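J.: Numbering (the working numbering), first residue to last: 1 to 571. Please see the structure below; I have some questions.
And the structure:
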């Protein structure tokens with residue numbers, strides 16, 4: 001009974017206080033994650049009052065880690081990563097290296113050894129996917145090309161951290177921090193670990209990709225929703241446990257591969273939806289348990305150290321990302337958005353810090369500094385997003401270098417001199433070449449209607465140019481991009497991008513340059529569709545409405561002539 005009561009007390013206090021403080025944080029326009037961490041601080045052993053059971057909280061946190069990693073794997077899209085691989089892969093790896101070097105240098109200055117410096121630096125190098133996704137979603141940037149770069153960047157960081165979590169125990173053994181086989185060298189330890197990981201990955205890719213979808217299909221045939229949810233969660237936890245028991249790899253890697261394998265099946269979307277409430281609940285418990293480990297006195301006892309760590313995260317890491325993005329010839333606005341996205345640390349930093357302490361690589365002081373910097377960086381992250389536009393305007397006014405970055409000529413940002421004249425007059429300007437834009441372009445091509453694509457994905461513009469398609473690179477909200485697409489002599493502006501944040505600006509620019517142009521817009525928001533139709537005189541296609549009309553036409557056709565009077569009466 002005492003253990004049962006302790007479990008109930010821990011869950012009740014953790015979730016209840018997390019709800020209250022998460023609500024307060026959101027009302028204060030801060031990420032709810034700040035509230036969850038503070039809830040853990042309040043019920044932790046370093047603050048007066050009620051103290052939750054740390055051992056039970058740690059076990060609940062392990063389940064939280066499994067489900068968090070399962071969610072990362074479930075949403076990991078190789079296609080999305082490949083679409084931005086030229087900037088996301090080198091950018092993330094170089095930025096992680098710079099941040100690790102900066103954090104490691106701080107640790108070395110504080111007389112920490114190599115293992116502590118490495119773990120500390122790596123913990124500061126990776127941003128929180130949870131915080132980033134919430135921030136991009138609230139700003140309407142998640143489905144934009146800039147948003148895809150930021151998400152792809154963090155996917156690379158997450159994959160790198162998964163590898164670090166796998167290799168860290170072997171590194172600890174090599175450093176002599178935990179039991180090592182007599183006479184076993186560093187390379188033997190690392191080699192054995194990689195062999196075990198390789199065996200697990202092979203089993204998951206060969207067996208898991210067939211067995212797991214088959215099991216889910218058998219459960220789906222029962223028609224029971226709760227059995228399906230139970231199957232998904234059981235798969236995540238049991239595969240994570242089996243991976244540790246049979247192959248010696250971490251719970252995190254096992255859960256990640258369970259999600260990644262499941263993503264390839266037809267049940268991935270449903271699995272994500274059904275498991276989301278449980279994943280969110282245990283994720284909250286994970287963040288609460290992390291907060292319980294934090295000693296607030298570190299802010300009072302070591303304020304300069306905390307400040308130095310925050311500066312590495314907010315300034316050092318961000319400046320490294322800014323330089324990389326600008327070197328790849330992306331606009332200043334894109335670079336500043338990536339900077340704001342990376343100016344925080346989160347769940348992987350906590351997992352790595354906890355593992356580092358458990359392996360006796362990282363001192364407890366290091367974990368406290370990481371947690372303090374995480375709280376501060378997450379709390380201030382919305383401020384950096386809010387400052388993007390003012391900083392960009394200020395740099396344009398006061399910095400010749402910033403103006404040079406914005407005005408530099410990129411061969412992809414303007415149509416080649418050899419472009420056929422039929423694409424320069426009476427053409428269609430198609431903004432966005434995603435799932436909808438590709439279909440529009442295919443139909444225009446089939447109808448021999450000339451068109452010019454305006455797209456933010458530079459690699460995609462290069463590919464289209466190679467296929468003989470007239471395309472310009474850039475954000476169509478920038479007048480220069482529409483000018484390069486020869487909007488002044490175009491017949492139609494077709495906006496197929498899902499993000500509606502700059503649609504009105506595109507329409508205003510187009511109408512200023514070409515008052516007679518016709519505008520066709522894609523929208524997912526009924527209220528916005530009405531505004532665009534009334535105020536911008538645009539023809540708006542609402543996704544759900546068009547789908548309903550197409551289905552209704554097909555149903556009426558199949559129902560036969562007898563349905564016609566009913567349809568007329570309904571209309």
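Virtual Cβ for every residue (Gly too), placed ideally from N, Cα, C. Please read all numbers here as calculations on a predicted model, not as lab measurements.
Counting Cβ pairs closer than 8 Å, one from the segment 89 to 96 and one from the segment 295 to 315, do we hit at least three?
T.: no
J.: Along the chain, where does the alpha helix (DSSP H) containing residue 389 start, and where does it finish?
T.: Along the chain shown, read from residue 1 onward, the residue named residue 389 stands at position 389. The continuous alpha helix (DSSP H) containing residue 389 extends over residues 388 to 398.
J.: Could you tell me how far apart the beta carbons of residue 450 and residue 422 are, in whole angstroms, since I believe they sit closer than 8 Å?
T.: Taking the chain shown and counting its residues from 1, one reaches residue 450 at position 450. Taking the chain shown and counting its residues from 1, one reaches residue 422 at position 422. About 5 Å; that satisfies the 8 Å criterion.
J.: Nearest CA to the CA of residue 293: which residue from 355, 247, 263, 371?
T.: Stepping through the chain shown from its first residue, residue 293 is reached at position 293. For the residues 355, 247, 263, 371, the minimum Cα distance to residue 293 belongs to 371.
J.: Going by alpha carbons, who is nearest to residue 148 out of 301, 364, 338?
T.: Sequence index remark: in the chain shown, residue 148 carries index 148 (1-based). The shortest Cα separation from residue 148 among 301, 364, 338 belongs to 338.
J.: Indicate the three-state DSSP secondary structure (helix, strand or coil) for residue 10 in the structure shown.
T.: On the chain shown, position 10 is the one that residue 10 refers to. The answer is helix: DSSP assigns residue 10 an H, G or I state.
J.: Is the number of C-beta pairs between the segment 42 to 62 and the segment 202 to 211 that are closer than 8 Å three or more?
T.: no
J.: Give me, in chain order, the residues of the same chain whose beta-carbon lies closer than 6 Å to that of residue 14; leave out the 5 immediate sequence neighbours on both sides.
T.: Translated into positions along the chain shown, residue 14 becomes position 14. If we look at residue 14 and ignore the five residues flanking it on each side, its Cβ neighbours are 285, 288.
J.: Which partner residues of residue 454 appear in the DSSP bridge assignment?
T.: In the chain shown, residue 454 corresponds to position 454, counting from 1. Answer by DSSP bridge pairing, in chain order: 431, 472.
J.: Is residue 36 near residue 208, with beta carbons less than 8 Å apart?
T.: By one-based count along the chain shown, residue 36 stands at place 36. By one-based count along the chain shown, residue 208 stands at place 208. In this structure, residue 208 does not lie closer than 8 Å to residue 36 by Cβ.
J.: Please classify residue 197: does DSSP put it in a helix, a strand, or coil?
T.: Taking the chain shown and counting its residues from 1, one reaches residue 197 at position 197. Here residue 197 sits in helix by DSSP.
J.: Using CA coordinates, which residue listed in 424, 122, 492 is at the minimum distance from residue 367?
T.: Walking along the chain shown from the start, residue 367 turns up at place 367. It is 122 whose Cα lies nearest to the Cα of residue 367.
J.: May I ask which residues mark the beginning and end of the beta strand (DSSP E) holding residue 46?
T.: Within the chain shown, residue 46 is the residue found at index 46, counting from 1. Premise fails: residue 46 is in no beta strand (DSSP E) and is neither H nor E.
J.: Looking at the unbroken beta strand (DSSP E) that takes in residue 290, where does it start and where does it end?
T.: Position 290 of the chain shown, counted from the start, is the residue given in the question as residue 290. From DSSP, residue 290 is part of no beta strand (DSSP E) but of the alpha helix (DSSP H) over 268 to 292.
J.: Output the distance between the C-alpha atoms of residue 221 and residue 51, rounded to the nearest integer angstrom.
T.: On the chain shown, residue 221 is found 221 positions in, with the first residue counted as 1. On the chain shown, residue 51 is found 51 positions in, with the first residue counted as 1. If I take the Cα positions, the gap works out to 46 Å.
J.: With residue 228 as the anchor, note down where its alpha helix (DSSP H) starts and where it stops.
T.: As a first step, residue 228 must be located in the chain shown, where it is residue number 228. Its alpha helix (DSSP H) spans residues 225 to 247.
J.: May I ask which residues mark the beginning and end of the alpha helix (DSSP H) holding residue 344?
T.: Numbered from 1 along the chain shown, position 344 holds the residue referred to as residue 344. Under the DSSP assignment, residue 344 falls outside any alpha helix (DSSP H); it carries neither an H nor an E label.
J.: Less than 8 Å separating the beta-carbons of residue 56 and residue 10?
T.: By one-based count along the chain shown, residue 56 stands at place 56. By one-based count along the chain shown, residue 10 stands at place 10. Cβ distance < 8 Å, so residue 56 and residue 10 count as in contact.
J.: Any idea what DSSP makes of residue 128, helix, strand or coil?
T.: Reading the chain shown from its first residue, position 128 is the one you call residue 128. Residue 128: coil per DSSP, three-state reduction.
J.: Throw me the rounded Cβ distance for the residue 325 and residue 369 pair, which I believe falls under 8 Å.
T.: Mapped onto the chain shown, residue 325 falls at position 325. Mapped onto the chain shown, residue 369 falls at position 369. So it is not a contact: roughly 28 Å between Cβ atoms.
J.: Using only the alpha-carbon positions, how far apart do residue 139 and residue 393 sit?
T.: Taking the first residue of the chain shown as 1, we reach residue 139 at position 139. Taking the first residue of the chain shown as 1, we reach residue 393 at position 393. For residue 139 and residue 393, the distance between alpha carbons rounds to 19 Å.
J.: Using C-beta distances below 8 Å, list every residue in its chain close to residue 553, excluding the 5 sequence neighbours before and after it, in chain order.
T.: Residue 553 sits at position 553 when you count from the first residue of the chain shown. Within the same chain, residue 553 has no close Cβ partners at all.
J.: Does the distance between the C-beta of residue 160 and the nearest non-hydrogen atom of the ligand FAD fall short of 7 Å?
T.: With respect to the ligand FAD, the structure shown offers nothing to examine, as it has no ligands at all.
J.: If residue 535 and residue 484 are in contact, beta carbons under 8 Å, what's the gap, nearest whole angstrom?
T.: As a first step, residue 535 must be located in the chain shown, where it is residue number 535. As a first step, residue 484 must be located in the chain shown, where it is residue number 484. In fact, because the Cβ distance is near 27 Å, the residues do not count as touching under 8 Å.
J.: According to DSSP, what are the bridge partners of residue 102?
T.: Along the chain shown, one-based indexing puts residue 102 at 102. DSSP lists no partner for residue 102.
J.: Count Cβ pairs between the segment 124 to 133 and the segment 372 to 381 that sit closer than 8 Å; are there 3 or more?
T.: yes
J.: Should residue 213 and residue 251 be called a contact, given that it needs their Cβ atoms to be closer than 8 Å?
T.: Within the chain shown, residue 213 is the residue found at index 213, counting from 1. Within the chain shown, residue 251 is the residue found at index 251, counting from 1. Contact: no.
J.: Which residues in the same chain as residue 533 place their Cβ atom closer than 8 Å to its Cβ, once the five residues preceding and following it in sequence are excluded?
T.: Residue mapping note: residue 533 aligns to position 533 of the chain shown, counting from 1. If we look at residue 533 and ignore the five residues flanking it on each side, its Cβ neighbours are 539, 540.
J.: To which residues of the same chain is residue 487 closer than 8 Å at the C-beta, ignoring the five residues directly before and after it?
T.: If you number the chain shown from 1, residue 487 lands on position 487. 429, 493, 509, 510, 513, 514, 517.
J.: Grouping DSSP H, G and I as helix and E and B as strand, with all else coil, what is residue 183?
T.: For the purposes of this step, residue 183 is taken as residue 183 along the chain shown, with counting starting at 1. Summary for residue 183: the model assigns pLDDT 49, below 50, so the residue's position carries little reliability, and this model does not support an answer.
J.: Where does residue 566 fall in DSSP's three states?
T.: Translated into the one-based positions of the chain shown, residue 566 becomes position 566. At residue 566 the pLDDT is 48, less than 50, meaning the model places this residue with poor confidence; the figure from the coordinates comes in the next sentence. If DSSP states are grouped into helix, strand and coil, residue 566 belongs with the helices.
J.: Residue 258 and residue 73 look like a contact to me (Cβ under 8 Å); what is the Cβ gap, rounded to whole Å?
T.: Position 258 of the chain shown, counted from the start, is the residue given in the question as residue 258. Position 73 of the chain shown, counted from the start, is the residue given in the question as residue 73. Rounded, the Cβ-Cβ distance is 6 Å, consistent with contact.
J.: Return the CA-CA distance between residue 329 and residue 497, expressed in angstroms with no decimal places.
T.: To locate residue 329, count along the chain shown from 1; it is residue 329. To locate residue 497, count along the chain shown from 1; it is residue 497. Spanning the two alpha carbons is a distance of roughly 22 Å.
J.: Roughly how many angstroms lie between the CA atoms of residue 490 and residue 453, to the nearest whole one?
T.: Along the chain shown, one-based indexing puts residue 490 at 490. Along the chain shown, one-based indexing puts residue 453 at 453. If you take the alpha carbons of residue 490 and residue 453, they lie about 12 Å apart.
J.: For residue 533, report the span of its alpha helix (DSSP H) as first-last.
T.: Residue mapping note: residue 533 aligns to position 533 of the chain shown, counting from 1. Element bounds for residue 533: 526 to 535.
J.: State the beta-bridge partners of residue 542 as determined by DSSP.
T.: Here residue 542 refers to the residue found at position 542 of the chain shown. Paired residues: 523.
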